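Engineer:
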Amino acid sequence: MDSAITVKDLNVKLKGFELKDISLEIPRGVVVGLVGRNGAGKTTLINTLTDVYIPAAGSIIYGEDELSKKPEKVKAKIGVCYDSLFYPPIYKPEKIAKIIAPFYEDFDMDKWKSYMERFNLDLKKPVGQYSKGMQMKFMLSLIFARNAEVLILDEPTAGLDPAARAEIIDLLQEYMVDEDRTVIFSTHITSDLDKIADYIVLMENGQVVLVEEKDELMLNYGVVQVSKEKFTSEIEGKMIGVKEKEFGYIGLTKDVAFFEGRDDVKVRRAIIEDLLIYEDEKTETNEESNPYI
-13 MDSAITVKDL NVKLKGFELK DISLEIPRGV VVGLVGRNGA GKTTLINTLT
37 DVYIPAAGSI IYGEDELSKK PEKVKAKIGV CYDSLFYPPI YKPEKIAKII
87 APFYEDFDMD KWKSYMERFN LDLKKPVGQY SKGMQMKFML SLIFARNAEV
137 LILDEPTAGL DPAARAEIID LLQEYMVDED RTVIFSTHIT SDLDKIADYI
187 VLMENGQVVL VEEKDELMLN YGVVQVSKEK FTSEIEGKMI GVKEKEFGYI
237 GLTKDVAFFE GRDDVKVRRA IIEDLLIYED EKTETNEESN PYI
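Note that this note's numbering has the sequence shown beginning at -13, numbered continuously upward.
1. If you check the beta carbons only, do Val187 and Val18 fall under 8 Å apart?
2. What number of angstroms, rounded off, separates the C-alpha of Lys214 from the C-alpha of Phe233?
3. So who's on the other strand from Tyr48, going by DSSP bridges?
4. Which of the three DSSP states, helix, strand or coil, is assigned to Met95?
5. Note down the Cα distance separating Asp260 from Val210, rounded to an integer number of angstroms.
6. Since I believe Gly192 is in contact with Glu4 (beta carbons under 8 Å), could you give me their beta-carbon distance rounded to a whole number of angstroms?
7. Spatial neighbours of Phe244 within its chain, please: C-beta separation below 8 Å, excluding the five flanking residues on both sides.
8. Does the distance from the CB of Gly258 to the CB of Leu179 come in under 8 Å?
9. Mind checking Phe288: buried by the 16 CB within 10 Å criterion, or exposed?
10. Tell me whether Gly2 is buried or exposed, calling it buried when 16 or more other Cβ atoms sit within 10 Å of its Cβ.
11. Mapping the DSSP letters down to three states, classify Ile279 as helix, strand or coil.
12. Quick check on DSSP: helix, strand or coil for Ala285?
13. Indicate the three-state DSSP secondary structure (helix, strand or coil) for Asn206 in the structure shown.
14. Use the C-beta contact count for Ser127: other C-beta atoms within 10 angstroms, 16 or more gives buried, fewer gives exposed.
15. Return the Cβ separation of Tyr48 and Val38 in integer angstroms, given the expectation that the two are a contact with Cβ distance under 8 Å.
Take a look at the structure:
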């Protein structure tokens, strides 16, 4: 499978925070869910992938083009949406479209207007007067008006009601009908990723600690509950991010098959949210002590 994005040994140093030794191989034609607690490094990674931050070391390659060597060519392939409007709120949509269009050879003004009509967005209204959901659809319309190969989204459904979130997910699924396209989707609303993600990337303390196909994750990971009387060192060794509760212990396992069929524990299949709930707070940020790898 061809790679859409290859990240090799990426290090980014900011005041008070670092991304450390990140390597990723993202195939074409997939949706990658980027998850992690606040401060894990998701937005820093996105800003580095989009050339906002310059890495201290490492490389980012889109297809065959390295970002640092061919930034203009690479940026023409990328569409970026953040969680809030990043255009002047007093501007009307057509003014923004006309400002953006010259930067992209393949920007199709007629196509953009057709999306605005489809989304029922008022061309005469300043974008600052749009609702949050309308602003997100407006930003997506600017991307869909050209042939961006990679769509990078930072919390695109944050603050939206369920109906608006469902609309955004539907638009992304439509975008992905073209199998050469790739989406990176950072979010705290992990139920959105349950619907659309092919891969999950979990970040912790500036590092990537898990890269897994979502279906494999759902198959192999589970949440285990065990009473204090039956909590053994063997069981503890199979659990991640163990938390003590009144009834006993609960935690994540990446070996759900070990627990199935036993009468001394309760086990259920994990969902993506469980990765964040039971993230091992004692884990050191290096591969040797990382329980996810």
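We treat Cβ as the ideally placed atom computed from N, Cα and C, and that holds for glycine. Predicted model only: the values in this text are computed from it and were never measured.
Structural biologist: By the coordinates alone:
1. In this structure, the beta-carbon distance from Val187 to Val18 falls below 8 Å.
2. Cα to Cα, the separation comes out at about 7 Å.
3. Tyr48 is bridged to Ile(-9), Asp51.
4. Helix at Met95.
5. Cα-Cα distance, rounded: 11 Å.
6. For Glu4 against Gly192, the beta-carbon gap comes to about 5 Å, under 8 Å, which counts as contact.
7. Cβ within range, chain order: Lys224.
8. One detail in the question is off: residue 258 reads as Ile in this sequence, not Gly. For Ile258 and Leu179, yes; Cβs fall inside 8 Å.
9. This structure does not reach residue 288, given that the chain is present from -13 up to 279, and the question cannot be answered.
10. Exposed, since its Cβ has fewer than 16 Cβ neighbours within 10 Å.
11. Confidence in Ile279 is poor, its pLDDT being 28 and thus under 50, which makes the residue's placement too unreliable to answer from.
12. Shown here, the chain extends from -13 to 279; a query on residue 285 therefore has no answer.
13. The three-state secondary structure of Asn206, taken from DSSP, is helix.
14. Per the 10 Å Cβ criterion, buried.
15. Contact doesn't hold; Cβ gap of about 15 Å is too wide.
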